[in-house]
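Trainee:
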Amino acid sequence: MRATGIVPALHDAPLRDRDGTRVGYVEDLLADARTNRPAWLVVCLDDGRRTVVPARGCRPTPAGTRAPHPAGHLTGCPATLAGAALEREAMADACRHYGVLLPSAGPFVAVRAAAAGASGPQSAAA
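Counted from 1, the sequence shown has number 115 at position 113 by my numbering; the numbering is strictly sequential.
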């Protein structure tokens, strides 16, 4: 997969809340496999837990990627990822938490894994 428009500096960038407080780092990006549009950021929180943040509203800054949510909201997301895929149940939990509609699009593809040519399950059906 060729993910057009993906800025490589997004990967491993610090993730900051709306006030600029660091809460973790961006591990990967989940893009809609049909449109290649960014859908979710896969983040590793400072406590070691992996979760997701909606890509919409996030923006790059010189200090890292800034999400439009307070730190407690980012760290309080109930979706925890064990592997590369965002499973349907975890996606539903994240959508409820962030107040976004459960997407009818999908599957989502982990951009870093796809760019590296990794094999195995890298997507989640919507």
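We put the CB at the ideal spot given by N, CA and C, even for glycine.
Using a Cβ-Cβ cut-off of 7 Å (strictly less than) and excluding sequence neighbours within five positions of D14, which residues of its own chain qualify?
Mentor: Excluding residues within five positions, the ones whose Cβ falls inside 7 Å are Y27 and V28.
Trainee: With respect to the alpha helix (DSSP H) encompassing A92, which residues constitute its N-terminal and C-terminal limits?
Mentor: R90 to Y100
Trainee: DSSP three-state label for T53, please.
Mentor: strand
Trainee: Using the three-state DSSP reduction, which class does L83 fall into: helix, strand or coil?
Mentor: Three-state DSSP puts L83 in coil, outside helix and strand.
Trainee: Buried or exposed for T63, going by 16 or more other Cβ atoms inside 10 Å?
Mentor: exposed
Trainee: Just to confirm, are A73 and A81 a CB contact at a threshold of 8 Å?
Mentor: no
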